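As given, the protein sequences belong to chains A, B and C, one line each in that order. 0 is the number of the first residue of the first sequence in numbering that gives the first Met the number 0; add one for each residue after it. 0 is the number of the first residue of the second sequence in numbering that gives the first Met the number 0; add one for each residue after it. 0 is the number of the first residue of the third sequence in numbering that gives the first Met the number 0; add one for each residue after it. The beta carbon of each residue, even a glycine, is placed where N, CA and C say it ideally should be. Values in this document were obtained by computation on a predicted structure and should not be read as measured data.
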Amino acid sequence: MRELKLMKGNEAIAEAAIRAGVDGYFGYPITPQSEVMETLMALRPWDSTGMVVLQAESETASINMVYGGAGCGKRVMTSSSSPGVSLMQEGLTYLAGAELPCVVVNVVRGGPGLGTIQPAQSDYFQTVKGGGHGDYKLITLAPASVQEMADFVELSFDLAFKYRNPVMILSDGVIGQMMEKVELSEQKPRWTAEYIEENHTWATTGKKANREKNIITSVQLEASVQEAFNHKLQAKYRSVEENEVRYEEVMCDDADYIIVAYGSSARICQKSIEIAREKGIKVGMFRPITLYPFPTEQLMKRAKQVKGMLSVEMSAGQMVEDVKLAVECSIPVEHFGRFGGSVHSPGEVVEALEQKLIGGDK
Amino acid sequence: MSDINTIIKPENIVYKRTDVLSDNDLSYCPGCGHGTVHKLIAEVIEEMGIQDTTIGIAPVGCSVLAYNYLEIDWQQAAHGRAPALATAVKRLMPEKNVFSYQGDGDLAAIGTAETIHACNRGENIVMIFINNGIYGMTGGQMAPTTLPGMAASTCPHGRDVSHDGEPIKISEILAQLPGTCYVTRQSVHTAGNVRKTKKALRKAFENQAANKGTSLVEVVSNCNSGWKMTPIKSNEWMEENMFPYYPLGDIKNEE
Amino acid sequence: MAKAKGAIVVDTVKCKGCGVCTTVCPTKVIELATEVNGKGYHYAYMANPDACIGCSNCGIICPDTCITVYRAKAGATA
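Right, here's the structure in full:
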């Protein structure tokens, strides 16, 4: 029987990181995710697993420490919230360009600018459409519970190393701050230096006489070389899109309408579909778990069955664009969401569904 | 000439290229001090027998391709972030030898925060700082270390300190921090100075081996393309103009 | 006339003709060639070989590390 604990989403990230055998965490305080580093510092994993935990001078430094650690083939991560993640965009594009595996957690708050410390989902574009410069992608997982906050840490590292690519856990202030029961996994050992040298032959572990030097870089001076490298990256992303789509469907099989929602919005919408069904409206919920790769094909399948989709997000309408693209505008797709730190109620979602889709149907 | 041929024999070699340097031609301009400092690092690595445990962090700037020239493992950093990378590499692999190699724009402008905080934490790393008072790679713009009155493409009438401030003496600032154990300023424009710089680099790597904290070796160097002078003239100009503002010698040396 | 005790070999392909070696040679052995190498540089050469004492100054200062320095052991060239 695995260990059960009542904890905040942010604390679950920290606990899971230690138990997954993560080598290093580098961070900078920002609400509403400061509990991640606070928990790590309180637990002192350097004494138990040897994990390095360091408070950096800025998010810029944090993400570049992650770059340094990832270049050594170590499992390293950082966490922040929206304004801090904006500051990390430079580092993220370098990580993607140097093909380095790492995990970044964004506990999203309302923006733009300094914004508010209240929860939001308005960093969707920044995360899945780039954020930094150049043609790159972040594999993006969206947890909808404290349990998933914990589970996605190890999953993210698996994906990061499988594809040599940064992975983003795109959470929000609700999931980060709320407390739920979590089943924690067993303590796993950190990778040994020998394991890293054997399995991550690209890592800068010191040039042995029997191999060429390893260079971690994103510089390609020749345009033709850069283009060839970008083709390689694109091939990797196609492989990610083919193999790593994750999603959950709730009561979709008989649905006339589907609510598309991720993260804490999906938690809210779970109640919304109950309310709607009590009113006799057959509504299902489609929850993308990976925001990149987006479950495009699966949504298209559902589009053939339903009369419309409502993208519910705590933003002015970001994921809705991907839903429209997924269904190729074959059915009406609308957006609803409170944003700027406000959170929609389950009832508001049902009202929006009635007004924007069912009303329009009549 | 037969006399010469009796001398040119393997057993008579007193100076040759170290194998830690790669065969690649350096991308630097003729006479640029970068090449000399690269060579000294390579020689120190060879003499200390640490080629298989040394990880270099290359910056953005003329030495962005430093990894092409030394046969060690390298990471290339975003502009100014080399100390952050070096921090993580050293903390995660404390048994390795880690150094950053940075220019003045990288270390003393865009990366000032990373520089100061790595030194303040006393990261057990070596920081090698090439100060030529100009942005060489981008075509000779004003640097944080450009001298008062010195012309650059973004201060074509000379640096006006009332407008741009005084050049920053970053090494003196870093020497104030308790985390630094060794801060020195050297040059590579004469044979004697090259030998002194090599000793300084050796000391810096030995400090790392002894867990003493951050060692910073500043090398005041030339940029003959950016300064628009011949290599020999630029070295003379450096002596006359750079050294009075950036005097050579140890700024801090904790035993 | 003094017997040469040292000698240098310049990698004339790598040499960029910066001339820094000429300034550190205590016995004025090195000059830049009038002809150029494949890169178009006037490479360094031993213009006055008899004067070379094998001090290594040129070798250690050369930014492109393209000078190998030799010095005969005492009496070896006699």
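Of the other Cβ atoms in all chains shown, 16 or more fall within 10 Å of the Cβ of His343 (chain A); this residue is therefore buried. The contact set of Asn56 (chain C) on chain B, defined by CB atoms closer than 7 Å, consists of Ala190 in chain order. Restricted to the segment 70-102 of chain B, the alpha helix (DSSP H) segments that are unbroken, complete and at least 4 residues in length are 81-91, listed in chain order. Contact annotation for Ile54 (chain B) against chain A: Thr203, Gly205 [CB-CB distance below 7 Å, chain order]. Among the residues facing chain B, Ile52 (chain C) is not included, as its CB has no counterpart in that chain under 8 Å away. Chain order gives the chain C residues near Tyr14 (chain B) as Ser55, Gly58, Ile59, Thr67, Val68, where near means a beta carbon separation below 7 Å. Residue-level contact by beta carbon holds for Cys31 (chain B) and chain C, with a gap shorter than 8 Å.
Rounded to whole angstroms, Lys278 (chain A) and Val104 (chain A) show a C-alpha spacing of 38 Å. When rounded, the separation of the alpha-carbon atoms in Glu153 (chain A) and Lys180 (chain A) is 18 Å. Assignment of alpha helix (DSSP H) within the segment 113-153 of chain A, counting only whole runs of 4 or more residues, yields 123-127 in chain order. Using beta-carbon distances, Lys15 (chain C) counts as an interface residue toward chain B, with a partner under 8 Å. One finds Cys17, Gly18, Val19 in chain C with Cβ atoms closer than 7 Å to the Cβ of Pro230 (chain B), taken in chain order. Beta-bridge analysis with DSSP links Cys154 (chain B) to B:Ala151. Contacts between Gly37 (chain C) and chain B, judged by CB atoms closer than 7 Å, are missing: the closest CB pair is about 11 Å apart. Rounded to whole angstroms, the separation of the alpha carbons of Ile250 (chain B) and Asn198 (chain A) is 44 Å. For Ile40 (chain B), the closest Cβ of chain A is not nearer than 8 Å.
Within 9 Å of the CB of Val51 (chain A), the CB atoms of chain B belong to Ala87, Arg90, Leu91, in sequence order along the chain. Around the CB of Met178 (chain A), fewer than 16 other CB atoms lie within 10 Å, so the residue is classed as exposed.
Within the segment 236-254 of chain B, no residue has its Cβ closer than 7 Å to any Cβ of chain C. Within the segment 130-208 of chain B, the runs of alpha helix (DSSP H) that reach at least 4 residues and sit entirely inside it are, in chain order, 160-163, 169-174, 190-208. Distance between Glu165 (chain B) and Thr145 (chain B), taken at the CA atoms: about 8 Å. The alpha-carbon of Gly48 (chain B) is positioned some 44 Å away from that of Ser80 (chain A).
The contact set of His162 (chain B) on chain A, defined by CB atoms closer than 7 Å, is empty, because the minimum CB distance reaches about 27 Å. Listed by position along chain B, the residues whose Cβ is nearer than 9 Å to that of Ala32 (chain C) form an empty set, because the closest Cβ is around 14 Å away. Interface annotation for the segment 51-80 of chain A against chain B: Val51, Leu53, Ala55, Glu56, Ser57, Thr59, Ala60, Ser61, Ile62, Asn63, Met64, Val65, Tyr66, Gly67, Gly68, Ala69, Gly70, Cys71, Lys73, Val75, criterion Cβ-Cβ distance under 9 Å.
Exclusion of the five residues before and after Thr30 (chain A) leaves Ser80, Arg108, Ile116 as the residues of its chain whose Cβ lies within less than 8 Å of its Cβ. For Trp226 (chain B), not one C-beta of chain A is nearer than 8 Å to its own C-beta. When DSSP assignments are scanned along the segment 247-297 of chain A, the uninterrupted stretches of beta strand (DSSP E) that are 3 or more residues long and fall wholly within it turn out to be 256-259, 282-287, 289-291. Counting the other CB atoms within 10 Å of its CB gives Gln354 (chain A) a total below 16, which places it among the exposed residues.
With at least 16 other beta carbons inside 10 angstroms of its own, Asp122 (chain A) counts as buried. Counting along the chain, the unbroken alpha helix (DSSP H) around Cys20 (chain C) starts and ends at 19-23. Assignment of Pro165 (chain A) by DSSP, reduced to helix, strand and coil, places it in the strand class. When DSSP states are grouped into helix, strand and coil, Cys101 (chain A) belongs to the strand group. In this structure Tyr181 (chain B) touches Lys202 (chain B) by the C-beta definition: roughly 6 Å separates them, less than 8 Å. Per DSSP, Gly26 (chain A) lies in no alpha helix (DSSP H); the unbroken beta strand (DSSP E) holding it starts and ends at 23-26. Straight-line spacing of the CA atoms in His230 (chain A) and Gly60 (chain B) works out to 27 Å.
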